[in-house]
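Student: 48 is the number that the working numbering gives to position 48 of the sequence shown; each next residue is one higher, with no gaps.
Before we start, here is the structure in question, set down as C-alpha cells.
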Amino acid sequence: MSRAEFHRVYSDCEGLEGVELIEGVVCMSSPVRIIHHTRPQTLALRWLTAYEERNPGLVEALGPGSVLLDDANEPIPDVMLLRTATAEFVDGYLTTAPDLIIEIAASSKARDLHQKKRAYERNGVGDYLVWRVEDRALDWFILRDGLYFRREPDTDGVIASEQFPGLRLDVPALLAMDRKRVLAAVRGR
1 MSRAEFHRVY
11 SDCEGLEGVE
21 LIEGVVCMSS
31 PVRIIHHTRP
41 QTLALRWLTA
51 YEERNPGLVE
61 ALGPGSVLLD
71 DANEPIPDVM
81 LLRTATAEFV
91 DGYLTTAPDL
101 IIEIAASSKA
111 RDLHQKKRAY
121 ERNGVGDYLV
131 WRVEDRALDW
141 FILRDGLYFR
151 REPDTDGVIA
161 SEQFPGLRLD
171 VPALLAMDRK
181 RVLAAVRGR
C-alpha cells in the first residue's frame, strides 16, 4: 500500500489509533503494557525533554506522532528529537525525518530492529535507539554514509550523541529505570 493511500484510508477511519505503514505494510500495534512500554517511553521522553530544556529553541522532544517519511512509510515513533530549524510540517504532520528516534520494543522488537530500522536508515534518521525492554538491552544506531552502525557505551556505561553535543545516556541507569541518574547524565551532573 502506498503512504498516500494509507493516509487517506486511515484518516477516514474514526477511532482507529496506533496504526502505522511500515515498508508498505499496514501494522497495528498490540495492546500497550504500562510496565513494558509506557513507563520506559515516559523515561525516554523525559531524557530528551531535559536535553531540550538545555537547548531552548534548537531542538524539540516529542512523544508519538505520525511521520510522513516516504511513499511506503508513515510510522509513529515512540519518542523523537527534532532540530527545530529543519523540521517541516504539513497539515500538522511531520514531513521530515526526525534527527533521533527511540522505539520501545517489547512485542514490536522484530519490526523495530528490521523493517523500521531499514525505513529510518533509508530516510536519514541520524540516531536510532531501540530499547529492548524485556531483554534489558539498548541498541543505539548511528547513521554514517547511509548505513547504520551500532554504538557501544564507554567504560562508564555512557553513550554520548555525536550529533547533539551534551546529549549523554547512562545506559545502565536507563535499563534500571533510574530516572535520577538518566537525567543527571544529560544535565552534566
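C-beta: ideal position from N, C-alpha, C; glycine also.
#1: Once the 5 residues before and after lysine 109 are set aside, which same chain residues still bring their CB inside 7 Å of it?
#2: How would you write the range of the alpha helix (DSSP H) that glutamate 23 sits in, first residue to last?
#3: Looking at the unbroken beta strand (DSSP E) that takes in glutamate 103, where does it start and where does it end?
#4: Any contact of the segment 25-45 with the segment 96-105, i.e. 3+ C-beta pairs under 8 Å?
#5: Isoleucine 76 by DSSP, collapsed to three states: which one?
#6: Our contact map puts leucine 81 next to valine 59 with C-beta atoms below 8 Å; I'd like the distance itself, whole angstroms only.
#7: Could you check whether glycine 166 and leucine 143 sit closer than 8 Å to each other, using their CB atoms as the reference points?
#8: What would DSSP say about arginine 3, mapped onto helix, strand or coil?
#9: Is the distance from the Cβ of alanine 50 to the Cβ of valine 186 below 8 Å?
#10: By DSSP's criteria, isoleucine 159 is part of a beta bridge. Which residues make up the other side?
#11: Please state the DSSP three-state secondary structure of alanine 61.
#12: Around the Cβ of glycine 92, are there at least 16 other Cβ atoms within 10 angstroms (buried) or fewer (exposed)?
#13: Does the beta-carbon of serine 161 have 16 or more other beta-carbons within 10 angstroms, so that it is buried, or is it exposed?
#14: Taking the beta carbon of isoleucine 22 as the centre, do at least 16 other beta carbons fall within 10 Å, making it buried, or is it exposed?
#15: For alanine 184, report the span of its alpha helix (DSSP H) as first-last.
Tutor: On the basis of the data shown:
#1: Arg132
#2: Careful: glutamate 23 lies outside any alpha helix (DSSP H) and carries neither H nor E.
#3: 100-105
#4: Touching, yes.
#5: Taken through DSSP and simplified to helix, strand or coil, isoleucine 76 comes out as coil.
#6: At roughly 6 Å, the Cβ-Cβ gap stays under 8 Å, so leucine 81 and valine 59 are in contact.
#7: no
#8: helix
#9: Valine 186 sits close to alanine 50, with the two beta carbons spaced by under 8 Å.
#10: Leu169
#11: strand
#12: exposed
#13: buried
#14: Buried.
#15: 179-187
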